[in-house]
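Note that our numbering gives residue 97 to position 97 of the sequence shown, counting from 1, and the numbers run on in steps of one.
From the three backbone atoms N, C-alpha and C, an ideal C-beta is built for every residue, glycine too.
Note that the structure is a prediction, hence the values are computed from the model and not measured.
Worksheet: the structure to be examined is printed underneath.
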Amino acid sequence: MRSASKMAPSAAEFASAWGQPTSTLDWCEENYLASPYIAELWNSLSSVVIIGIPIISLLSFSLWNVEKRFFVACWCFLAVGISSLAFHMTLLYETQLMDELSMIWGGCVLVYLFFSHDSKPNSNSLPLVAFLLLYALCVTLIYLLTKEPVFHQVAFSLQVITVMLRGIQRKYSYSGSLRLLFFSLVLYSVGFVLWLTDTAFCLHLRSIRAFLPTPVGVVLQFHAWWHTLSSLGTHCLFVACCHSRYMFLKRNPRIWMVGCLPLVALDATENGRIH
């Protein structure tokens, strides 16, 4: 959950408890305005959304006998949220790497889900695993050597685009999955536009926020909105893949809504256990 360029540092109300920022990126949000322990308050709070969504998914999956791949995906999603929170709280290079690289490795898990959609139950698709492992290792190595944020952004964007195209190609016959795919595309697109706006017009946004009361100014924290929208978009991709997977396995899945959050439910039971 990135920005494309380094922003000008902002005046701080508190001295950082973590020392001077060492990250190669800073964001449009003003730093250390609420606490010496939180560099970017709203970016940190929006990272909690990235943590909460996979926790809800894990609780939901625990009701059904779903394959381990979906639990692994949720844990990777959760790792991204925790890493994002750590980074935006500290603005340290180490936590920046946690955030960025967890996105790449978690993205590989998402690609795996979509490309093994019609595989046999509990199969491993080892050639696909080997390719994705090589991709993640190469991206990690190149990024550690170059420290170029644009490279990371392109590498992650390729994963998202690949998943979208694969989903549209293979899941057209399942209307519920297709609707979620397009909804995810809308969420990512809107979030990306806000992210670009936050990057390109940072000084203007800061000037406007300075004259607005906090509850109103929060609306203009566009990087925090990127966190929220992209995490919801990623969740929709998970649910679309899970729904399509169990349509393929003839487990009669259905999509149900918990507030604004779609989840997958399976109807059949086996040996007295929800299955």
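Enclosing beta strand (DSSP E) for residue i [first to last residue]
| i | result |
| --- | --- |
| LEU249 | Neither: LEU249 is in no beta strand (DSSP E) and is coded neither H nor E. |
Reduced DSSP category for residue i - H, G, I as helix; E, B as strand; rest coil
| i | result |
| --- | --- |
| ILE255 | strand |
| PRO262 | strand |
| SER35 | strand |
| GLU94 | helix |
| SER230 | helix |
| PHE238 | helix |
| SER102 | helix |
| ALA15 | coil |
| TRP42 | helix |
| PRO121 | coil |
| LEU25 | coil |
| ASP267 | coil |
| SER57 | helix |
| SER189 | helix |
| SER177 | helix |
| SER116 | coil |
Residue closest to residue i, alpha-carbon to alpha-carbon, out of the options
| i | options | result |
| --- | --- | --- |
| GLU67 | PHE238, GLY259, VAL258, ALA136 | PHE238 |
| HIS235 | VAL264, VAL219, VAL218, VAL150 | VAL264 |
| ILE104 | PRO127, LEU144, GLY217 | LEU144 |
| LEU45 | TYR135, SER184, GLY259, ALA86 | ALA86 |
| LEU196 | THR140, GLY19, LEU220 | LEU220 |
| SER184 | PRO262, PRO215, THR199, PHE156 | PRO262 |
| HIS223 | SER84, ARG69, ILE53 | SER84 |
| LEU101 | ALA130, TRP64, THR140, THR199 | THR140 |
| LEU58 | PRO21, CYS260, CYS76, LYS250 | CYS76 |
| THR22 | PHE71, ASN124, TYR93, SER60 | TYR93 |
| GLY191 | PRO215, SER125, GLY167, SER157 | SER157 |
| GLU148 | LEU134, SER123, LEU126, LEU97 | LEU97 |
Counted within 10 angstroms of its Cβ, other Cβ atoms place residue i as buried (16 or more) or exposed
| i | result |
| --- | --- |
| TYR188 | buried |
| ALA39 | buried |
| ALA17 | exposed |
| LEU180 | buried |
| ASN289 | In the structure as shown, the chain begins at 1 and stops at 275. Residue 289 is therefore absent and cannot be evaluated. |
| CYS260 | exposed |
| ASN31 | buried |
Endpoints, alpha helix (DSSP H) assigned at residue i
| i | result |
| --- | --- |
| TRP64 | That residue, TRP64, is in no alpha helix (DSSP H); it is neither H nor E in DSSP. |
| HIS204 | 202-210 |
| GLN20 | That residue, GLN20, is in no alpha helix (DSSP H); it is neither H nor E in DSSP. |
| ALA130 | 126-146 |
| PRO149 | 149-170 |
| THR214 | 214-217 |
message = With three or more beta-carbon pairs closer than 8 Å as the criterion, would you say the region 26-42 touches the region 67-82?
response = With a cut-off of 8 Å, the region 67-82 and the region 26-42 do not count as touching, because too few Cβ pairs lie within range.
key: Three CB pairs or more closer than 8 Å across the region 219-233 and the region 243-254   = no
inquiry  = Under 8 Å, with one C-beta from each stretch per pair, do the region 145-163 and the region 100-112 reach the 3-pair mark?
reply    = yes
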